[in-house]
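K.L.:
Residue numbers (this note's numbering): 15 to 177. Handing you this structure, nothing more for now.
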């Protein structure tokens, strides 16, 4: 098993707030899967919540190698969390088929935010699609995961220092 995809995304919370002002609750309905809407309704900082989910879904789509669109839609990328609060990434619909084509067996999602920005980082592990060169480029998944976690932590601290 090896890393078959990595993705990261960062978004300004203010950008999401402006979109929310322009589109109202339609934005949440467009970005969030039905399972995520209940949690959204219970949160106080709706723009920050949407920014975190938007960043996570964009990072996941990048890790799948396709971006948001025909092979992974916003509703196909579902972010939940463990009882302890750690984020979990689940695929449904067409994104599940895309992940299956890459033979994804494990997902790793990290989300962070500071007042002005939300950032997410996704690592996908698996066997890689037959004939895919993705797995041959990432033979050291444990080392890469450690590096990516350190990078995400440094970027998070960098945002805090600049903010």
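C-beta: ideal position from N, C-alpha, C; glycine also.
1. Does the Cβ of residue 122 have 16 or more other Cβ atoms within 10 Å, making it buried, or fewer, making it exposed?
2. Between the Cα of residue 66 and the Cα atoms of 137, 142, 138, 129, which residue gives the shortest distance?
3. Starting from the C-beta of residue 102, find all residues in its chain whose C-beta is less than 8 Å away, skip the five residues before and the five after it, and write them out in chain order.
4. Kindly list the residues whose CB is nearer than 6 Å to the CB of residue 25, restricted to its own chain and excluding five residues on each side of it in sequence; keep chain order.
5. Quick check: the Cα distance between residue 20 and residue 44, rounded to an integer number of angstroms?
6. Along the chain, where does the alpha helix (DSSP H) containing residue 78 start, and where does it finish?
7. Can you tell me whether residue 94 is helix, strand or coil according to DSSP?
8. Measuring straight from C-alpha to C-alpha, what distance separates residue 141 and residue 85?
9. Classify residue 28 as buried or exposed, calling it buried when 16 or more other Cβ atoms lie within 10 Å of its own Cβ.
P.N.:
In short, the structure shows the following:
1. Sixteen is the threshold: when 16 or more other Cβ atoms of the shown chains lie within 10 Å of the Cβ of residue 122, as they do, the residue is buried.
2. For residue 66, the nearest C-alpha among the options comes from 129.
3. Closer than 8 Å at the Cβ level, and outside the excluded window around residue 102, lie 93, 94, 95, 96, 121, 123.
4. Scanning its chain for C-beta atoms nearer than 6 Å, with the 5 sequence neighbours on each side dropped, one finds around residue 25 the residues 65, 68, 69, 132, in chain order.
5. Rounded to whole angstroms, residue 20 and residue 44 show a C-alpha spacing of 24 Å.
6. 60 to 78 is the extent of the alpha helix (DSSP H) around residue 78.
7. It is a strand residue.
8. Their backbone Cα atoms lie some 19 Å apart in a straight line.
9. Under a 10 Å Cβ-count criterion, residue 28 is classified as exposed, with fewer than 16 other Cβ atoms of the shown protein chains found around its own Cβ.
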